[in-house]
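Each protein sequence line maps, in turn, to chains A and B.
Under this note's numbering, the first residue of the first sequence is numbered 16, with each subsequent residue one higher.
Under this note's numbering, the first residue of the second sequence is numbered 61, with each subsequent residue one higher.
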Amino acid sequence: MICDRFGIKIEKQLHTTLWGSLSVPFLSVFLAFLLEGIFLFFAGYDPLEVYGVLFKGAFGTKFGLSETLVTAIPLILTGLGVSVAFRMGLWNIGGEGQLYMGAFAASWVALSYPDAPTYILQPAMFMAGFLAGAFWGLLPAIPRALRGVNETLTTLMLNYVAIFWVGYLVYGPWRGPQSFNFPITEEFSKAAVLPHLGNTRIHAGILIALAAVVIVYFLMKHTVWGYEIRVAGESKQAANYAGISVVRNILLVMMISGGLCGLAGYCEVSGIFRRLQHTISPGYGYTAIIVAWLAKLNPWAIVAVAFLFGGFLAGGYSLQATGLPSATVTMLQGVILFFVLAGEILTHYRFRFYRKGGLKA
Amino acid sequence: MSISLITAVLAAAITAGTPILYASLGELITERAGILNLGVEGMMLVGAVTGFMVTVQTGNHWLGFCAGMFFGGLVALIHAILTVTLRANQVVSGLALTMFGTGFSGYLGQKMIGIPLESPFRAFNLLGLGKIPFIGTVFFQQDALVYLSYLLVPLCWYFLFRTNAGLNLRAVGEHPGAADAAGLNVALLRYLAVFVGGVLSGAGGAYLSLAYSPSWVQNMTAGRGWIAVALVIFAMWNPLKAIVGAYLFGGIEALGFRLQAVGITISPFFLKMLPYLFTIFVLVLVTSGRNAGAPAALGLPYEREER
Numbered sequence: 016m017i018c019d020r021f022g023i024k025i026e027k028q029l030h031t032t033l034w035g036s037l038s039v040p041f042l043s044v045f046l047a048f049l050l051e052g053i054f055l056f057f058a059g060y061d062p063l064e065v066y067g068v069l070f071k072g073a074f075g076t077k078f079g080l081s082e083t084l085v086t087a088i089p090l091i092l093t094g095l096g097v098s099v100a101f102r103m104g105l106w107n108i109g110g111e112g113q114l115y116m117g118a119f120a121a122s123w124v125a126l127s128y129p130d131a132p133t134y135i136l137q138p139a140m141f142m143a144g145f146l147a148g149a150f151w152g153l154l155p156a157i158p159r160a161l162r163g164v165n166e167t168l169t170t171l172m173l174n175y176v177a178i179f180w181v182g183y184l185v186y187g188p189w190r191g192p193q194s195f196n197f198p199i200t201e202e203f204s205k206a207a208v209l210p211h212l213g214n215t216r217i218h219a220g221i222l223i224a225l226a227a228v229v230i231v232y233f234l235m236k237h238t239v240w241g242y243e244i245r246v247a248g249e250s251k252q253a254a255n256y257a258g259i260s261v262v263r264n265i266l267l268v269m270m271i272s273g274g275l276c277g278l279a280g281y282c283e284v285s286g287i288f289r290r291l292q293h294t295i296s297p298g299y300g301y302t303a304i305i306v307a308w309l310a311k312l313n314p315w316a317i318v319a320v321a322f323l324f325g326g327f328l329a330g331g332y333s334l335q336a337t338g339l340p341s342a343t344v345t346m347l348q349g350v351i352l353f354f355v356l357a358g359e360i361l362t363h364y365r366f367r368f369y370r371k372g373g374l375k376a
Numbered sequence: 061m062s063i064s065l066i067t068a069v070l071a072a073a074i075t076a077g078t079p080i081l082y083a084s085l086g087e088l089i090t091e092r093a094g095i096l097n098l099g100v101e102g103m104m105l106v107g108a109v110t111g112f113m114v115t116v117q118t119g120n121h122w123l124g125f126c127a128g129m130f131f132g133g134l135v136a137l138i139h140a141i142l143t144v145t146l147r148a149n150q151v152v153s154g155l156a157l158t159m160f161g162t163g164f165s166g167y168l169g170q171k172m173i174g175i176p177l178e179s180p181f182r183a184f185n186l187l188g189l190g191k192i193p194f195i196g197t198v199f200f201q202q203d204a205l206v207y208l209s210y211l212l213v214p215l216c217w218y219f220l221f222r223t224n225a226g227l228n229l230r231a232v233g234e235h236p237g238a239a240d241a242a243g244l245n246v247a248l249l250r251y252l253a254v255f256v257g258g259v260l261s262g263a264g265g266a267y268l269s270l271a272y273s274p275s276w277v278q279n280m281t282a283g284r285g286w287i288a289v290a291l292v293i294f295a296m297w298n299p300l301k302a303i304v305g306a307y308l309f310g311g312i313e314a315l316g317f318r319l320q321a322v323g324i325t326i327s328p329f330f331l332k333m334l335p336y337l338f339t340i341f342v343l344v345l346v347t348s349g350r351n352a353g354a355p356a357a358l359g360l361p362y363e364r365e366e367r
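Written out as structure tokens, the structure is:
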């Protein structure tokens with residue numbers, strides 16, 4: 016232990032207190048803001064003003080709040096998606112690509128059947144989005160399950176492939192005739208657009224996201240299958256011993272994980288853009304990782320954390336008025352995750368300070 | 061394909077492979093000490109932007125390159141603190157580092173976008189070797205950083221497999237408990253390995269912004285950091301094999317550009333997919349059951365109490 020010399024001992028704690036597991040996420044976010052504030056101060060900005068703009072842009076106005084909610088939708092779905100995989104110890108960092116594939120498939124349905132009525136089109140787009148995302152999750156799951164190929168790298172590589180695929184379509188064969196050379200497809204028919212709340216941008220995707228939360232919670236906590244997943248996530252040996260098929264569960268989990276991310280893509284094209292374009296996500300699939308980790312993979316907590324991060328992203332756009340690039344928010348996300356990781360030591364370990372004479376609690 | 065086209069593609073393969081080579085050598089050393097650092101992409105971006113800024117300020121590209129290495133190593137230390145001292149999850153910490161590096165470089169480079177670099181690293185004929193037909197044209201009409209990487213590969217190999225320090229480093233990655241019992245400072249060695257990994261990733265990033273395409277573009281690494289991580293598996297944690305892999309990937313990138321020049325009409329989007337698809341293909345191919353050559357304690361935190 017390198018701390019020995021300094022008179023601090025880090026010991027494993029057998030019990031994690033409720034207080035500890037609740038306070039750590041909040042404290043991490045607070046400390047991340049504090050550190051970034053110090054950084055901003057030395058960079059010549061007024062941190063209070065910057066955070067003021069950020070929070071006002073996120074939660075302070077009716078428009079800001081609706082933008083926060085709208086941004087939370089894909090974050091809930093992708094956060095839920097990656098959390099399902101994390102639960103089994105599978106590092107799905109391909110949420111971004113799965114989102115793009117879901118958006119692609121949903122758009123394909125919408126553009127192919129412009130005359131179909133809503134009650135056929137929407138379920139079809141929903142299914143297409145889910146299946147395409149599931150397929151994109153299944154691709155890296157097969158070599159993972161059969162040969163142990165590192166899924167962290169393969170899921171990530173497939174993000175680039177999916178984004179280039181959508182790029183190919185919107186710059187090439189799918190470019191709309193009335194797009195004025197912009198890389199966008201034709202606008203969807205009215206039936207292919209999710210209904211909105213009044214004249215806000217808040218769309219029915221929020222109901223899909225919340226339904227997904229309930230279903231995932233039920234699957235994970237109240238079914239035998241959810242129990243199997245958790246066992247397999249804790250110990251592969253234990254799973255094998257209990258007769259749980261690890262191979263089958265890897266495939267299933269990655270399909271559900273990818274499918275949920277695919278649904279986020281469907282919600283974005285159907286609820287927000289009403290067409291397919293090259294940039295449909297500012298990295299939701301990556302932010303999802305922090306959302307899931309900060310929420311400790313708990314579906315209900317994911318909703319709360321997604322709302323908070325939806326606020327950061329929505330507020331990030333208004334930051335540009337102060338001269339800060341939106342990359343500042345990406346940086347903040349990284350710092351928050353650093354603190355969350357560091358904070359975990361407080362829940363699993365405790366510090367003991369001692370002098371040369373011996374241990375002193 | 062004509063012979064001149066082949067030499068042009070091969071020479072371009074080396075240029076394109078060099079940033080990946082630097083980064084994967086760094087990751088290789090880090091992983092040999094038992095620490096997985098998925099923050100390569102972020103460290104490369106920090107190296108690229110800081111290297112570029114210092115070169116613009118001072119006009120000296122060597123100073124810029126050193127700055128890129130230094131700051132790459134500096135941000136790597138965050139990973140070391142989290143994973144070695146605080147025993148955090150190495151996968152998540154690496155992802156956080158990538159996210160932080162992406163944001164931090166985007167923030168720093170905001171005012172650097174569109175500035176041309178007056179004094180990039182330029183290709184020159186090394187000791188007249190460039191006049192050798194074919195081999196000279198491919199290998200010895202490159203820039204100074206490419207020549208440096210030629211030296212670095214055998215140096216890394218020698219360090220890891222022929223020196224005491226290298227043996228100690230590998231011991232820490234294979235069996236930290238035994239290494240600890242033998243009196244090695246596990247934490248210190250792991251800190252050093254992570255730092256060196258960051259330094260070399262920073263070098264790879266700085267190569268991009270100072271030699272490969274002398275400019276700063278947000279996210280200019282475009283996934284090369286991840287390819288570098290994959291390359292370590294491909295190379296079976298051996299520096300000599302890493303050079304083959306890096307040039308193979310470089311070749312695929314270079315081929316994409318050249319195919320367009322020859323008039324083969326494939327959408328550029330498909331050509332851009334190639335390195336990523338190839339990486340997946342290679343990963344599936346080289347992984348068989350257990351990862352051959354992987355350090356036994358890779359990714360596991362070390363706790364003396366649980367030895």
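Yeah, the Cβ is synthetic: ideal placement off N, Cα and C, and Gly gets one too.
- Here B:G128 has G107, A108, T110, G111, G262, A263, G265, A266 as same chain residues with Cβ atoms under 7 angstroms from its own Cβ, once five neighbours each way along the sequence are excluded.
- The beta carbon of B:N149 falls within 8 angstroms of a beta carbon belonging to chain A, placing the residue at that interface.
- Excluding residues up to 5 positions away in sequence, E243, V246, A247 lie with their Cβ nearer than 8 angstroms to the Cβ of A:I259 in the same chain.
- Around the beta carbon of A:W315, a 10 Å sphere encloses fewer than 16 other beta carbons of the protein chains shown; the residue is thus reported as exposed.
- Counting only unbroken stretches of 4 or more residues, the alpha helix (DSSP H) elements lying wholly within the stretch 261–313 of chain A are 261–282, 299–309, in sequence order.
- Counting the other CB atoms within 10 Å of its CB gives A:N174 a total of 16 or more, which places it among the buried residues.
- The stretch 224–239 of chain B and the stretch 63–81 of chain B do not touch, with fewer than three beta-carbon pairs separated by less than 8 angstroms.
- For A:N165, a Cβ of chain B is located within less than 8 angstroms of the residue's own Cβ.
- In the displayed model, A:F179 falls within a helix according to three-state DSSP.
- Per DSSP, reduced to three states, the secondary structure at B:N185 is strand.
- Within the same chain, G94, G233, E234, H235, P236 come within 7 angstroms of B:A357 by CB-CB distance, once the 5 residues on both sides are set aside.
- Annotation: A:S333 to A:Y66 spans about 11 angstroms, alpha carbon to alpha carbon.
- Between the alpha carbons of A:A219 and A:P138 lies a gap of roughly 13 angstroms.
- Considering only A:V97, A:F322, A:Q193, the residue with the shortest C-alpha distance to A:G274 is A:V97.
- Residue pairing by DSSP places A:I199 opposite A:Q292 in a beta bridge.
- Pairing A:L212 with B:I138, the inter-Cα distance amounts to about 44 angstroms.
- In the structure shown, B:Q202 adopts extended strand secondary structure according to DSSP, grouped into three states.
- For B:L211, the closest of B:K332, B:I303, B:P361 by C-alpha to C-alpha distance is B:I303.
- In summary, the residues of the stretch 288–321 of chain B whose CB is separated from some CB of chain A by less than 9 angstroms are V289, A290, I293, in the order they occur in the chain.
- For A:K205, no alpha helix (DSSP H) encloses it, and the DSSP letter there is neither H nor E.
- Any Cβ of chain B closer than 8 angstroms to the Cβ of A:L291 would place that residue at the interface, and such an atom is absent.
- Considering only beta carbons, no part of the stretch 179–196 of chain B lies closer than 7 angstroms to chain A.
- Cβ-Cβ separation between B:N228 and B:A238: approximately 11 angstroms, too far for a contact (criterion under 8 angstroms).
- Nearest neighbour of B:R250 by Cα position, chosen from B:R92, B:G77, B:A73, turns out to be B:R92.
- Looking at the DSSP output, A:H218 shares a beta bridge with A:H211.
- The distance from the Cβ of A:A227 to that of A:L95 is about 6 angstroms, consistent with a contact at the 8 angstroms cut-off.
- Going by DSSP, B:H121 is part of the alpha helix (DSSP H) stretching over 121–140.
- Residues of the stretch 296–328 of chain A with a C-beta less than 9 angstroms from any C-beta of chain B: G298, Y301, T302, I304, I305, W308, listed in chain order.
- With a minimum length of 4 residues, the unbroken runs of alpha helix (DSSP H) contained wholly in the stretch 62–121 of chain B fall at 63–92, 100–118.
- Between the alpha carbons of A:A100 and B:K191 lies a distance of about 55 angstroms.
- Under the three-state reduction of DSSP, A:P340 is assigned to coil, being neither helix nor strand.
- Non-local beta-carbon contacts of A:S341 in its own chain, meaning distances under 7 angstroms to residues more than five positions away in sequence, involve G331, Y332, L334, Q335 in chain order.
- According to the DSSP assignment, A:S122 belongs to the alpha helix (DSSP H) that extends over 110–127.
- With 16 or more other Cβ atoms inside 10 Å of its own Cβ, A:L90 counts as buried.
- Using a CB distance below 8 angstroms, the part of the stretch 175–187 of chain A facing chain B consists of Y175, V176, F179, W180, G182, Y183, Y186, G187, ordered along the chain.
- By the neighbour-count definition (other C-beta atoms within 10 Å, threshold 16), A:R102 is a buried residue.
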